[in-house]
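Q: With positions in the sequence shown counted from 1, the corresponding number in the working numbering is that position plus 2.
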Amino acid sequence: VHDVYVRPEADQRPAATANAGDKVVVRLDAWESRHVNPEGQIIEVLGPASAPGIDMLSVIRKFHLPSEFPQEVLREAERIPQKISARQLEGREDLRREFVVTIDPDDARDFDDAIQVDQTNGGWRLGVHIADVAAYVPPESALDREARRRGNSVYLPDRVIPMLPERLSNEICSLQPGVDRLAHSVFIQFDRRGVARSARFTRSVIRSAHRLTYKQAHAILTSPPRDRLGERLHLAWQLAALLRRRRFEQGALDLDFPEAKVWLDEQGYPVKLERVENDQSHQLIEEFMLAANEAVARELKRRAIPTIYRIHESPDPDKLAEYREFVLSFHYKVGDLNHRHELQRLLAAIRGKPEEQALKVALLKSLKRARYDPRPLGHYGLAKANYLHFTSPIRRYADLVVHRALAQNATPPHSRPDMAQLASIAEHISTTERNAADAEIDATQMKKLEFFQRQLQQRNPEIFRAMIVDVRNYGLMVELPDALVTGLVHVSSLTDDFYLFDPVRRQLIGRRSRKRFAVGAEISVLVARVDVFKRQVDFVIAPAGDKGKARPAQKRRANTSGGFRR
């Protein structure tokens, strides 16, 4: 963190008049040496740093995220009728009587996928129905150009920055229950072993029977079926569980990471951190989306239709060798990690262990990052030879490109991109995706820090259960399972004894009491200090007799949206 010197004459514009405590956007003009502060100009005053929404606005500016849609784009969206016309239904398969449902987060409004599962004599028929955004966004229209520029939607704790205007993303294209919607449907026939035997692709019209949240779907899946919805979901889980088991048998890496959702009050202040579990409802949707994405990739490759694939290249052997040395420091026995089964064995061995998060993060850094490319180079993490993104065209431009390729007969020849154009688009949206991911992480970290900062102001601060994930000579590294935050309990705060560090056993041992703090132990902690600039939280061990409310520690489980961003 550096102070920036702003000359008085550079701060004369009305828009740049800042007060002490304001958050501002600065343009650097000179930085002659790292030993002196840079000089610059204030180009925008965001407002008081403590005011609601200013922190998220600063993230938007920091990552150069788009804000308002151009008027031309909004006018184009407004001209799209809400009601489906008879002409739009021509040539579409009518699936409105099929029993399809959506499963999404509690606060979602852009429902772009619906599912159905039917049992057949030879196994299962899976139907995945995706919002037909391509029907409303013609190539090179104002809507298309803006969607391509944005690349993807961005999900911050207090807002969504959509790829498409809300009239499309939350209304016309969203697969709302009981409403006719245009879709692109994939039907996959699986045998009893979960092997895909055939796939059929059709543009359709559907009518979702139910809008379920993940919590509602989980409740249905963990209790006996009571109605048609329950029976269908339980049937769907039978197939999803089979597909999941086969996927890992074929070499897929379980690199999902848990998430913590930040709940805000009406003013935008964080009031609750909730761990999002990778339960059956999440796994069900994950498996069906993976199956649809793979089926479309195979079809487009078979038909030799140019498109954009989702690729994840094999890791650099030297990187894996470095990672192996890191793993050995945790006293795990590992073989040659260039062999996929050794990585799978390691991931199974660390599951549920205190060091799981640290080892998974380090592995992820050793792997290459998944990206978009017009060449079908395969996906290492998923162990798939052909893979792309098809299931989220409301929020990802790559999926919109794929939809157009799959419905190529409906796209004018002059509007179809060539390989050079696809390569350019792939590079651009890979960049916007990385930028969005970094912004989402940064924004979530800020809100978590604010949550803990507010704990310091409470008369009766909350007590958190924590797990010791590492021990150093200067203190205990602890992780809060619900908040998914790692912080330090400094050795100087352990005032009941003088603690000595045992580097072999990685323990702190009380000289007088022989009390031990070791990796894997659970303790109760209070927030002691928050450093927003360094993004650090320090904790102290809660007094034994403290009656404060403690959150129960939960067993670590993975979440579908982490890992290599498949």
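For every residue, glycine included, the Cβ atom is placed at its ideal position computed from N, Cα and C.
Bear in mind the structure is a predicted one, so any value in this text is a computation, not a measurement.
1. Based on the DSSP output, what are the partners of HIS212 in its beta bridges?
2. CA-CA distance, HIS4 and VAL363?
3. Tell me which residues share the same chain as THR215 and place their Cβ nearer than 6 Å to its Cβ, disregarding the 5 neighbours each side in the sequence.
4. Within the continuous alpha helix (DSSP H) that includes MET165, where are the two ends?
5. Give the secondary structure of ARG9 by DSSP, where H, G and I count as helix, E and B as strand, and everything else as coil.
6. Rounded to whole angstroms, what is the Cα-Cα separation between TYR389 and ARG398?
7. For LEU59, which residues of its own chain have a beta-carbon under 7 Å away from its beta-carbon, when the five flanking residues on both sides are left out?
8. By how many angstroms is the C-alpha of LEU245 removed from the C-alpha of ALA468?
9. Using beta-carbon positions only, say whether ALA211 and VAL102 come within less than 9 Å of one another.
10. What does the Cβ neighbour count give for TRP33, buried or exposed, with the cut at 16 atoms within 10 Å?
11. Which full runs of the alpha helix (DSSP H) of 4+ residues lie inside the segment 348-410, going along the chain?
12. To the nearest angstrom, how far is it from the Cα of VAL181 to the Cα of ARG209?
13. Assign ALA149 to buried or exposed, taking buried as 16 or more other Cβ atoms, counted over all protein chains shown, within 10 Å of its Cβ.
14. Within this structure, are the beta carbons of SER426 and ILE132 separated by less than 9 Å?
15. Got a sec, what are the start and stop residues for the alpha helix (DSSP H) GLN460 sits in?
16. Over the uninterrupted alpha helix (DSSP H) stretch that includes ILE287, give me the two end residues.
17. Taking the alpha carbon of LEU486 as the point to measure from, which residue in VAL28, GLU358, GLY93 has its own alpha carbon closest?
18. Name the DSSP bridge partner or partners of ARG518?
19. Have a look at the DSSP bridge pairing and note the partners of PHE189.
20. Can you tell me which of the three DSSP states ARG89 falls into?
21. Mind checking VAL273: buried by the 16 CB within 10 Å criterion, or exposed?
22. So, for PRO50: in the same chain, excluding its five sequence neighbours on each side, which residues have a beta-carbon less than 7 Å away from its beta-carbon?
23. Confirm, please, whether the CB-CB distance from ALA407 to ILE307 is below 9 Å.
24. In chain order, what residues of the same chain have a beta carbon less than 6 Å from the beta carbon of SER495, not counting five sequence neighbours either side?
25. Considering only the alpha carbon of each residue, which of ALA441, THR446, ARG300, ASP540 lies closest to MET479?
26. State the DSSP-derived secondary structure class of TYR271, mapped to helix, strand or coil.
27. Are the beta-carbon atoms of VAL532 and LEU451 separated by less than 9 Å?
28. Under a three-way DSSP split, which group does PRO50 fall into?
29. Starting from the Cα of LEU87, find the closest Cα among GLY512, TYR138, GLY196, GLN178 and give me that residue.
30. Using only the alpha-carbon positions, how far apart do VAL188 and LEU292 sit?
31. For the beta strand (DSSP E) that TYR311 lies in, which residues bound it at each end?
32. What would DSSP say about ASP114, mapped onto helix, strand or coil?
33. Just to confirm, is the Cβ distance from ALA235 to LEU223 under 9 Å?
34. Under the DSSP definition of a beta bridge, which residues are partnered with MET469?
35. Quick check on the burial criterion: 16 or more other C-beta atoms within 10 angstroms. Buried or exposed for VAL197?
36. Please report the distance separating the alpha-carbon of ARG94 from that of ASN411.
A: Let me lay it out:
1. Partner(s): VAL103.
2. As the crow flies, the alpha-carbon of HIS4 is around 29 Å from that of VAL363.
3. Same-chain partners within the cutoff: ASP108.
4. Here MET165 belongs to no alpha helix (DSSP H), and DSSP marks it neither H nor E.
5. If DSSP states are grouped into helix, strand and coil, ARG9 belongs with coil.
6. Near 15 Å, if we compare the C-alpha coordinates of ARG398 and TYR389.
7. So the list reads LEU48, once near-sequence residues are dropped.
8. C-alpha of ALA468 to C-alpha of LEU245: approximately 35 Å in a straight line.
9. It is a contact, given that the beta carbons lie within the stated cut-off.
10. TRP33 comes out exposed.
11. Scanning the segment 348-410 for uninterrupted alpha helix (DSSP H) segments of 4 residues or longer gives 358-368, 399-408, listed from N- to C-terminal end.
12. Taken atom to atom, the span from the alpha-carbon of VAL181 to that of ARG209 is near 5 Å.
13. Buried: at least 16 other Cβ atoms inside 10 Å.
14. For SER426 and ILE132, no; Cβs fall outside 9 Å.
15. Counting along the chain, GLN460 falls outside any alpha helix (DSSP H), and DSSP gives it neither H nor E.
16. Element bounds for ILE287: 282-304.
17. Among VAL28, GLU358, GLY93, the Cα nearest to that of LEU486 is on GLU358.
18. ARG518 pairs with ILE511.
19. PHE189 pairs with GLY129, ARG202.
20. Residue state, collapsed to three classes: helix.
21. Exposed is the label assigned to VAL273, since fewer than 16 other Cβ atoms lie within 10 Å of its Cβ.
22. Counting only Cβ-Cβ distances below 7 Å, and skipping sequence neighbours, we find GLY23, ASP24, ILE56.
23. Yes. Within cutoff.
24. Taken in chain order, the residues that qualify are VAL542.
25. Nearest C-alpha to MET479 among ALA441, THR446, ARG300, ASP540: ASP540.
26. Of the three classes helix, strand and coil, the one that applies to TYR271 here is coil, per DSSP.
27. Yes, these two residues count as a Cβ contact at 9 Å.
28. It is a strand residue.
29. Residue identity differs from the one stated: residue 87 is Ser in this sequence, not Leu. The shortest Cα separation from SER87 among GLY512, TYR138, GLY196, GLN178 belongs to TYR138.
30. Taking the straight line from one Cα to the other gives about 12 Å.
31. Its beta strand (DSSP E) spans residues 311-313.
32. Look at ASP114 here: in three-state DSSP terms it is coil, with no helix or strand label.
33. Reading off the sequence shown, one finds Leu at residue 235, where the question assumed Ala. Yes. Within cutoff.
34. Bridge partners of MET469: GLU481, GLU524.
35. Exposure of VAL197 is indicated by the presence of fewer than 16 other C-beta atoms within 10 angstroms of its C-beta.
36. Approximately 13 Å between the Cα atoms of the pair.
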